[in-house]
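Read in order, the letters of the sequence shown are residues 3 to 132 in my numbering.
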Amino acid sequence: MPFPEKYLDLFDKNKKVFLYLATVNAKGMPQVTPVWFDTEGDYILINTKVGRLKDRNMKERPEQISIAIPDPIDPDRYLGIRGKVVSFTTDGAEEHINKLSLRYYGKPWTYREGEQRIIFKIEPTRFDEH
């Protein structure tokens with residue numbers, strides 16, 4: 003599902019726009035995290051550490067994903083997205099987090115001992131334009 007044209011500026015790879023990712027835990031409670039993100043075609047890519055709560059939630063409940071991407075200049079303007087995880091992989095995840103770190107921090111990612119990264123590919127199934 004293509005991103006709405008009037009919100010494409012929120013996906014500009016030259017901007018530092020954060021995404022708020024909502025997942026659902028085993029007890030049915032929401033868990034919301036601000037995250038860096040990237041896109042691949044009409045998909046959203048999220049990179050996280052293996053074992054984190056959002057990692058477990060997305061693996062266990064891949065169809066219960068909600069996202070909000072606020073405009074960093076006008077927070078009353080945001081794009082709400084409902085979606086589902088269509089795949090996840092550790093292949094290329096270290097390179098991907100480094101690319102995101104350069105974009106958001108302007109410097110390479112600082113790896114922590116024993117850390118393994120994972121990329122989640124999310125397919126939007128519905129957009130809520132605000």
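Positions of the beta carbon are idealized from the N, C-alpha and C atoms, including for glycine.
This one's a predicted model, so the numbers in the text were calculated from it and none came from an experiment.
Specify, as a first and last residue, the run of the alpha helix (DSSP H) that E96 falls within. A95 to Y106
Inter-residue spacing [alpha-carbon to alpha-carbon] between F13 and I83: 13 Å
What is the DSSP secondary structure of Y9, counted as helix, strand or coil? helix
Contact between the segment 26-39 and the segment 75-82 is defined here as three or more beta-carbon pairs at a separation below 8 Å; is this criterion met? no
Candidates E131, P6 and N49: which alpha carbon is nearest S103's? N49
Looking only at its own chain, which residues have a Cβ that is under 6 Å from the Cβ of I99, when we skip the five neighbours before and after it? N49, W111 and R119
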